[in-house]
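Visitor: Before we start, here is the structure in question, set down as structure tokens.
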Amino acid sequence: MKQIRITVNGKTYELQVKPWETLLEVIRDELGLTGTKEGCGLGECGACTVIMDGKTVNSCLVLAPEADGKEILTIEGLAQGDKLHPIQEAFLEQGGLQCGFCTPGVILSTKALLDENPKPTDEEMRRGMAGNFCRCTGYTKIFESIKAAAQKGGK
Amino acid sequence: MVTFYRRLPRFEYVQPKSIDEALSLLAQHKGKARPIAGGTDLLPKMKRREIEAPKYVIDLKALPNLDYIKYDDKKGLSIGALTTIHAIETSPVIQQRFGILAEAASTMAAPQVRNRGTVAGNICNAVPSADSAPPLLALEAKLKLISHKGERILNIEDFFTGPNETVLTDEELVAEIQIPPLPSNSRGIYLKLSPKRSMDLATVGVAAVVITEDGLCKDIRIALGAVAPTPIRAKRAEDILRGQRFSDELIERTAQTAAEESRPIDDHRASADYRRGMVQALVRRAINQALS
Chain A
6 MKQIRITVNG
16 KTYELQVKPW
26 ETLLEVIRDE
36 LGLTGTKEGC
46 GLGECGACTV
56 IMDGKTVNSC
66 LVLAPEADGK
76 EILTIEGLAQ
86 GDKLHPIQEA
96 FLEQGGLQCG
106 FCTPGVILST
116 KALLDENPKP
126 TDEEMRRGMA
136 GNFCRCTGYT
146 KIFESIKAAA
156 QKGGK
Chain B
2 MVTFYRRLPR
12 FEYVQPKSID
22 EALSLLAQHK
32 GKARPIAGGT
42 DLLPKMKRRE
52 IEAPKYVIDL
62 KALPNLDYIK
72 YDDKKGLSIG
82 ALTTIHAIET
92 SPVIQQRFGI
102 LAEAASTMAA
112 PQVRNRGTVA
122 GNICNAVPSA
132 DSAPPLLALE
142 AKLKLISHKG
152 ERILNIEDFF
162 TGPNETVLTD
172 EELVAEIQIP
182 PLPSNSRGIY
192 LKLSPKRSMD
202 LATVGVAAVV
212 ITEDGLCKDI
222 RIALGAVAPT
232 PIRAKRAEDI
242 LRGQRFSDEL
252 IERTAQTAAE
262 ESRPIDDHRA
272 SADYRRGMVQ
282 ALVRRAINQA
292 LS
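As they're listed, the protein sequences go chains A and B.
With the first sequence counted from 1, adding 5 to any position gets you the working numbering.
With the second sequence counted from 1, adding 1 to any position gets you the working numbering.
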């Protein structure tokens, strides 16, 4: 077992982890934050996307010990109490989801994209979202939601 | 029966704090240890049970002074082993002076993978379609390999030995990628053919670096990805154009010869014939773009 210290959504945790556990397993099984989803488990689909030290990563491809000392943002950390984050509001208003399985990852990739580039072009938006697969929407509604979030200045 | 694994096999995790410590760990656990940088290739392979589970996973990310991009007019560019693909893609000095490399980096996988994966790792993983390989071959990059016994410098051309295979021994690490300076009258182009614009492997990758002087082809280097067991240089094709005045006819012969030098396979991505045809089309296009 390895001792790690991670900050998730502003709260610091000291945890004992197995070396072969992934950050995704720690987030879901140890911390009970099940908003982060496991899709392919191989870094293709982006359902497990979280923001680690300001950058998106596939949490299924981060070993728990590798996350030691890192600051992590999951979908649960976006809303302030009952007040949704502007990106979440935009997805609700535009209907940017159907089954919702990809949505936490999609919203975190949107956040990372808009943090770096508040007014992305269509091409930049598509490139920024290339690591998040959605099997329901055909992406049109997702892109409309991202544009609405960008217009709101939603970071 | 198809078994779909998503849990990692068991291993011990070690995080050395110095390069000496990392190299002695590799020597000590020879063959039973795997170094990990970004882990975006290693961890899926371990989950899929494509490789034997290592007893030790040696995390290189705590090693000091391996995450850098340095440029010097005389020595050229040096890239530390822990430099991420994202850092290469967004580096102003690489965009300005070695745009071909930034361009290739930007075609790789998706942001989540580029934020984590390293170019040195992409090279060590050695898939024939690795996007960073053709530009590095065309830029005549050198690799600094280190082990507890010392270091050696190798032309990247001599690094790859087969699909997923390199000359790197169990005791060695790639410490640095070195790229000699390019004259100002040079231009590099990387063209990647893939059905999807992101999250896809190259069906064919073509890199060309063209150095022009007084309307002549002073030098040219052409490298091909995904059309041979390893990424390769197309040297017979280069010889046709080197020292000559550019003409459509000569460019076409160069492209045709590059296609003849490729040794593609038939697989689910494309037939060998299609790949050869695309090598010819893309080499022609890359040279014309470099001249435009």
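The C-beta atom is built at its ideal place from N, Cα and C for all residues, glycine as well.
Every value quoted in this text rests on a predicted model; they were computed, and no experiment measured them.
State buried or exposed for A:V13, treating a residue as buried only when at least 16 other CB atoms are found within 10 Å of its CB.
Guide: The residue you call residue 13 of chain A lines up with position 8 of the first sequence. Under this definition A:V13 is a buried residue.
Visitor: If I measure Cβ to Cβ from A:C50 and keep anything under 6 Å in the same chain, skipping five residues before and after, which residues do I get?
Guide: Counting from 1 along the first sequence, the entry for residue 50 of chain A is found at position 45. G44 and F138, listed in sequence order.
Visitor: Let me see if you follow: with CB-CB separation under 8 Å, is A:R132 close to chain B or not?
Guide: As a first step, residue 132 of chain A is located in the first sequence; it is residue number 127 there, counting from the start. So yes, A:R132 belongs to the interface.
Visitor: Quick one: is B:D60 near chain A, going by C-beta distance under 8 Å?
Guide: By one-based count along the second sequence, residue 60 of chain B stands at place 59. Yes, its Cβ sits closer than 8 Å to a Cβ of chain A.
Visitor: By the three-class DSSP mapping on this structure, what secondary structure does A:V22 have?
Guide: Here residue 22 of chain A refers to the residue found at position 17 when the first sequence is read from its first residue. Here A:V22 sits in strand by DSSP.
Visitor: For chain A, check one thing: does any of its Cβ atoms lie closer than 8 Å to the Cβ of B:K48?
Guide: Here residue 48 of chain B is taken as the residue at index 47 of the second sequence, counted from 1. Yes, because at least one Cβ of chain A sits closer than 8 Å to the Cβ of B:K48.
Visitor: What do you get for B:R50, buried or exposed, if any count of 16 or more other CB atoms within 10 angstroms of its CB means buried?
Guide: Position 49 of the second sequence, counting from 1, holds the residue named residue 50 of chain B. The residue is exposed, with fewer than 16 neighbouring Cβ atoms inside 10 Å.
Visitor: Grouping DSSP H, G and I as helix and E and B as strand, with all else coil, what is A:E129?
Guide: Mapped onto the first sequence, residue 129 of chain A falls at position 124. Three-state result, A:E129: helix.
Visitor: Can you find a C-beta in chain B that's less than 8 Å from the C-beta of A:K60?
Guide: Here residue 60 of chain A refers to the residue found at position 55 when the first sequence is read from its first residue. Cβ-Cβ to chain B under 8 Å: yes for A:K60.
Visitor: Which value, in whole angstroms, describes the spacing of the CA atoms of B:P265 and A:I9?
Guide: Along the second sequence, read from residue 1 onward, the residue named residue 265 of chain B stands at position 264. Along the first sequence, read from residue 1 onward, the residue named residue 9 of chain A stands at position 4. Approximately 47 Å, taken between the alpha carbons.
Visitor: A:N63 bridges to which residues according to DSSP?
Guide: For the purposes of this step, residue 63 of chain A is identified with residue 58 of the first sequence, where counting begins at 1. DSSP, once it has assigned bridges, lists A:T54 as partnering A:N63.
Visitor: If you measure between the beta carbons of B:R277 and B:S263, is that distance less than 8 Å?
Guide: For the purposes of this step, residue 277 of chain B is taken as the residue at position 276 of the second sequence. For the purposes of this step, residue 263 of chain B is taken as the residue at position 262 of the second sequence. The answer is yes: Cβ separation under 8 Å.
Visitor: Shortest alpha-carbon distance to B:G118 belongs to which of A:V55, A:G40 and A:V62?
Guide: Within the second sequence, residue 118 of chain B is the residue found at index 117, counting from 1. Per the Cα distances, A:V62.
Visitor: Using 8 Å as the limit for Cβ to Cβ distance, is B:M109 near chain A?
Guide: Within the second sequence, residue 109 of chain B is the residue found at index 108, counting from 1. With 8 Å as the cut-off, B:M109 does not count as an interface residue toward chain A.
Visitor: Taking A:G46 as the query, report the chain B residues whose CB atoms sit under 7 Å from its CB, ordered along the chain.
Guide: Your numbering for residue 46 of chain A matches position 41 in the first sequence. Simply R7 and K48.
Visitor: So what's B:Q290 in DSSP terms, helix, strand or just coil?
Guide: Within the second sequence, residue 290 of chain B is the residue found at index 289, counting from 1. Residue state, collapsed to three classes: helix.
Visitor: Leaving out five residues before and five after B:Q16 in sequence, what residues of the same chain have Cβ atoms less than 7 Å from its Cβ?
Guide: For the purposes of this step, residue 16 of chain B is identified with residue 15 of the second sequence, where counting begins at 1. The answer, listed in chain order, is D60 and A63.
Visitor: Quick check: what's the CA-CA separation for B:L138 versus B:H87?
Guide: Here residue 138 of chain B corresponds to residue number 137 of the second sequence, with the count starting at 1. Here residue 87 of chain B corresponds to residue number 86 of the second sequence, with the count starting at 1. So the alpha carbons of these two residues sit roughly 20 Å apart.
Visitor: Chain B partners of A:G51, CB-CB under 8 Å?
Guide: Start at 1 with the first residue of the first sequence, and residue 51 of chain A comes out as number 46. The answer, in chain order, is A111 and Q113.
Visitor: Do we get a CB-CB distance below 8 Å when we pair A:T142 with the residues of chain B?
Guide: Start at 1 with the first residue of the first sequence, and residue 142 of chain A comes out as number 137. Taking Cβ atoms only, chain B never reaches closer than 8 Å to A:T142, which makes this a no.
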